[in-house]
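Top line first, the protein sequences correspond to chains A and B.
For what it's worth, our numbering labels the leading residue of the first sequence as 1, then goes sequentially.
For what it's worth, our numbering labels the leading residue of the second sequence as 1001, then goes sequentially.
Glycine included, each C-beta is placed from N, C-alpha and C at the ideal position.
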Amino acid sequence: MIRALAIVLFVLAGTAAARAQALVADLSSHLIAITTGFSGTELLLFGAKEGEGDVVVIVRGPDGDTTVRRKSRVAGIWINRDDLRFAGVPSFYRVAASRPLADFVPASLRQRHQIGVEYLRLQPARELNSEDTAAFRAGMIRNKEAVRLYDPEVGRVSFLGNRLFRTRIVFPANVPTGNYTVEVLLVNGGQVIAAQTTPMYVSKVGVGADIYDFAHDYAALYGLIAIFLAVAAGWGAGVVFRK
Amino acid sequence: MLVYLPIAEISVDIFVLLLLGGAVGFLSGLFGVGGGFLMTPLLIFVGVPAAIAVGSEAAQIVAASVSGVIAHMRRGNVDFRMGTVLLAGGIAGSTVGVEIFKMLQRLGQIDLVISLSFVIVLGAIGTLMLVESVRTLRRNSRVAAAGGARARMRLHEHNWIHGLPLKMRFPRSKLYISAIAPFAIGAFVGVLAALMGVGGGFIMVPAMIYLLGMPTSVVIGTSLFQIIFVTANVTFLQSWLNHTVDIFLALLLLVGGVVGAQFGARLGARLRGEQLRGLLAVLVLSVAGKLLFDLVAPPEDLYSIAGTRTAGH
């Protein structure tokens, strides 16, 4: 909170000093550390704008490839039959705006800045008929929403007075690691008149992260240690409970 | 209290895991079985990814079997010669099994194969046990007076297995049989260990008694001996090739497991064998039934996603 207050003061001072800057924004923290007890967190985005306009905030996790699988019924059992891989899939995605998007952001702008899940540019790895592609795309977005990595709702950016704005960005416990971008757009008359991109980083820290890295970087050694620990624990238990 | 499992990459309530370990440990103490065949499906039910459940359970079985085998070794109930042949088969089977596992994971069919294997194996074993215990209960009530008076036991049945070549002497088991049979049994159990995260004692023990004709006294110790090394091999290969062993998860389950097993064994000593077996059969069948239901029931969403691979990994 002290940090947030400092940001407000900084932003206020900044707007007073440099009137030329139409948009200033910052996060309460640029690092989310996933520790052993991590159960999700939220960040505060604070900013100030100069002049008329509405604010859109887009948060994107690192892009990657995602394979979507479709089940169908074979001999009474539901099994994965078809799949489609998409590239350019953000691992995490949120949008927030100061007004309903339809009221002030034209479709062309939403397309260009990928504002809203329906405007994400996801590239299918192979050509299917458009109906199937759309179904796979919708299936993926539904799955992402189910685990709260995407949100069908547009978050709210609220104004304090005419210039200051803020929004909360909620990150669930399963937030993927990597480099994030937080894009803040000032939109007026269907045009982006100012924009700012702030980087953010989600990282595993502590014992959990070390174990994960070790298990992937030195997989064979990890396997041997796992066996050693299991044998030691089992032997210990056998000795403790010997009558 | 939530704990973050580093390899599974999920947060799970630590008490759920301790309780699960304790409950399965209790049952394995009560019934004298390994418990892997219950633990893996239960882990899947609480939301651990199927592949991680299988890999981590292998590590837990290593631990559980080590503490079990010590007692049997002290009493000399391990046929090391037979164990070695079973083990040779087990190593071959489990190595092939992990490769199959890897291939299925790439094809997106691993969850299906794990569930199907459990439905088939648990369904078959559960049905056999239920039939057996119902039959025993009925016979016992008919000849209540003769309680315990079994028919004179032959040393063992002679069947087609004794006609196979490559005969070997197993003095501890008082057997002179082909090495092919124990090797094949070991190999089959090894494949199951890799694909299902089970020790396979529930298949190996009956096979050793009825197919090979080993004396009952050495069967448990010898199977544990084989299981330790086979599940250790699975633990190593799953860690190395598939990154599916969460040692943190395995150790948490073990803590609950050893405590639960003590209580289970104490209660088991006071209950009657046939009733116990009947209870276990019902339990095994209900797990199989739940897995089958999940396969047959229309899924909530026909579409599913595999984890997003980002540039980082």
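Please confirm whether residue i and residue j have their CB atoms less than 9 angstroms apart.
i	j	result
serine 1028/B	glycine 1264/B	yes
valine 1189/B	leucine 1086/B	yes
proline 62/A	phenylalanine 86/A	no
arginine 1172/B	methionine 1082/B	yes
isoleucine 1061/B	glycine 1199/B	yes
valine 1066/B	alanine 230/A	yes
glycine 1186/B	glycine 1089/B	yes
glycine 1126/B	alanine 1288/B	yes
valine 1046/B	valine 1069/B	no
leucine 45/A	alanine 25/A	yes
glycine 47/A	glutamine 196/A	yes
glycine 1025/B	valine 1258/B	yes
glycine 155/A	valine 95/A	yes
Going straight from the alpha carbon of residue i to that of residue j, what length do you get?
i	j	result
phenylalanine 1031/B	arginine 1277/B	7 angstroms
arginine 163/A	alanine 97/A	15 angstroms
alanine 102/A	threonine 133/A	25 angstroms
glutamate 145/A	phenylalanine 171/A	13 angstroms
serine 1239/B	phenylalanine 104/A	52 angstroms
proline 1165/B	methionine 1208/B	18 angstroms
arginine 137/A	valine 57/A	23 angstroms
phenylalanine 165/A	leucine 1254/B	52 angstroms
threonine 167/A	glutamate 50/A	18 angstroms
glycine 949/B	threonine 1244/B	The requested residue 949/B does not occur in the structure, where chain B is confined to residues 1001 to 1313.
arginine 1192/B	serine 1094/B	In the sequence as displayed, the identity of residue 1192/B is leucine instead of arginine. In a straight line, the C-alpha of leucine 1192/B is about 7 angstroms away from that of serine 1094/B.
arginine 1106/B	glutamate 1009/B	19 angstroms
isoleucine 1228/B	leucine 1175/B	23 angstroms
glycine 76/A	histidine 216/A	38 angstroms
leucine 1038/B	serine 91/A	34 angstroms
alanine 209/A	asparagine 1077/B	43 angstroms
alanine 33/A	tyrosine 93/A	18 angstroms
methionine 1153/B	leucine 1104/B	For methionine 1153/B, the pLDDT reaches just 46, beneath the cut-off of 50, and the residue's location in the model is therefore unreliable, although a value from the coordinates is still provided. Roughly 45 angstroms separates the two Cα atoms.
serine 130/A	glycine 88/A	18 angstroms
threonine 1222/B	glycine 236/A	21 angstroms
leucine 224/A	alanine 1181/B	30 angstroms
Mind checking if residue i is an interface residue toward chain B, Cβ cutoff 9 angstroms exclusive?
i	result
aspartate 54/A	no
serine 29/A	no
valine 59/A	no
arginine 126/A	no
valine 240/A	yes
lysine 204/A	yes
aspartate 151/A	no
glycine 223/A	yes
isoleucine 169/A	no
threonine 327/A	Only positions 1 to 243 of chain A appear in this structure, which leaves residue 327/A out of reach.
aspartate 132/A	no
isoleucine 32/A	no
phenylalanine 46/A	no
Step through the CB atoms of chain A and report whether any lies within less than 9 angstroms of the CB of residue i.
i	result
leucine 1254/B	yes
alanine 1194/B	no
threonine 1216/B	no
aspartate 1079/B	no
serine 1065/B	yes
alanine 1039/B	Here residue 1039/B is methionine; the residue named in the question, alanine, does not match the sequence. No, methionine 1039/B does not count as interfacial toward chain A.
glutamine 1238/B	yes
alanine 1250/B	yes
alanine 1023/B	no
alanine 1051/B	no
alanine 1149/B	Confidence at alanine 1149/B is low in this model, with a pLDDT of 43, below 50, so its placement is unreliable and no value can be given for it.
histidine 1223/B	For the sequence presented, residue 1223/B should be read as serine rather than histidine. No, serine 1223/B lies away from the interface with chain A (no Cβ there is under 9 angstroms from its Cβ).
What residue range does the beta strand (DSSP E) around residue i cover?
i	result
asparagine 162/A	Careful: asparagine 162/A lies outside any beta strand (DSSP E) and carries neither H nor E.
threonine 1040/B	Where threonine 1040/B is concerned, there is no enclosing beta strand (DSSP E), although the alpha helix (DSSP H) it sits in stretches over 1036–1045.
phenylalanine 1170/B	1167–1170
arginine 69/A	63–74
arginine 81/A	77–90
methionine 1196/B	Premise fails: methionine 1196/B lies in the alpha helix (DSSP H), 1180–1196, not in any beta strand (DSSP E).
glycine 178/A	178–188
serine 203/A	191–204
Whole-angstrom Cβ separation of residue i and residue j, contact assumed at under 8 angstroms?
i	j	result
tyrosine 150/A	valine 184/A	Not a contact, Cβ separation roughly 19 angstroms.
arginine 70/A	tyrosine 1004/B	Incorrect: roughly 31 angstroms between the Cβ atoms, too far for contact.
leucine 1195/B	valine 1113/B	7 angstroms
threonine 66/A	glycine 206/A	That pair is no contact at about 28 angstroms.
leucine 1291/B	phenylalanine 1118/B	5 angstroms
tyrosine 180/A	valine 59/A	6 angstroms
Using 9 angstroms as the limit for Cβ to Cβ distance, is residue i near chain D?
i	result
phenylalanine 1045/B	Absence of chain D from the displayed structure is noted, the protein chains being A and B.
With residue i as the anchor, note down where its alpha helix (DSSP H) starts and where it stops.
i	result
valine 157/A	Careful: valine 157/A lies outside any alpha helix (DSSP H) and carries neither H nor E.
serine 1206/B	As written in the sequence, residue 1206/B is proline, which differs from the serine given in the question. Counting along the chain, the alpha helix (DSSP H) containing proline 1206/B begins and ends at 1201–1206.
serine 1223/B	1216–1237
alanine 1023/B	1014–1031
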